[in-house]
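Have a look at the structure below before the remarks.
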Amino acid sequence: MRKMGIKKSPGCSLIELGGVVHEFFSEDDEHSHSKEIYRATEEMIKRIKLAGYEPNIADARIDAEEEAKEASVSHHSEKLAIAFGLIKTKPGTTIRISKNLRVCTDCHNATKIISKVYNREIVVRDRNRFHHFKEGSCSCNDYW
Numbered sequence: 001m002r003k004m005g006i007k008k009s010p011g012c013s014l015i016e017l018g019g020v021v022h023e024f025f026s027e028d029d030e031h032s033h034s035k036e037i038y039r040a041t042e043e044m045i046k047r048i049k050l051a052g053y054e055p056n057i058a059d060a061r062i063d064a065e066e067e068a069k070e071a072s073v074s075h076h077s078e079k080l081a082i083a084f085g086l087i088k089t090k091p092g093t094t095i096r097i098s099k100n101l102r103v104c105t106d107c108h109n110a111t112k113i114i115s116k117v118y119n120r121e122i123v124v125r126d127r128n129r130f131h132h133f134k135e136g137s138c139s140c141n142d143y144w
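So that you can map any letter, position 140 of the sequence shown is 140 in the UniProt record's numbering, and since no number is skipped, the others follow by simple counting.
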């Protein structure tokens, strides 16, 4: 694809809070709250690892060492948007995210665990469908 000049669109996740749409790209640090978001993301990853999450580095799009690949998938756009939703909404509030691409396997698995650990319903509209994550499960039954 690269030889033919075809480029993949970068992953972008949107979350609307208080009438303002916040846009996140993978490994993005341009958001006005990026330091707070990255701290929350790191804490979120620690908590879900304790609940059994293992990063799927096969979804990393970089040619690097395993640790760098793990960091890369930890900062996918939907994880940044979820972390932002967790810190900017009241406990129990449903988090709604829209994504321009299909959710990767790692983010799908992570979001299932996040929904259970944080006791939140998380709705992600990706390129193909709506995913309703609740209590550690997804409405797609892991078929997407």
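For every residue, glycine included, the Cβ atom is placed at its ideal position computed from N, Cα and C.
So, S13 versus I97, is the Cβ gap smaller than 7 Å? yes
What residue from V123, K112, Y143 has the CA that sits closest to A51's CA? K112
Which residues DSSP lists as bridging I95, in chain order: Answer by DSSP bridge pairing, in chain order: I122.
Three-state class that DSSP yields for E43 in the structure shown: helix
Under 7 Å between C-beta atoms of S26 and H108: No, they are not a contact pair.
Considering only C-alpha positions, which residue in the set C140, I6, E42, A40 is nearest to T105? C140
Hey, how far is the Cα of E30 from the Cα of K116? CA-CA distance, E30 to K116, rounds to 29 Å.
Which word fits G85, buried or exposed, when buried means at least 16 other C-beta atoms lie within 10 angstroms of its C-beta? buried
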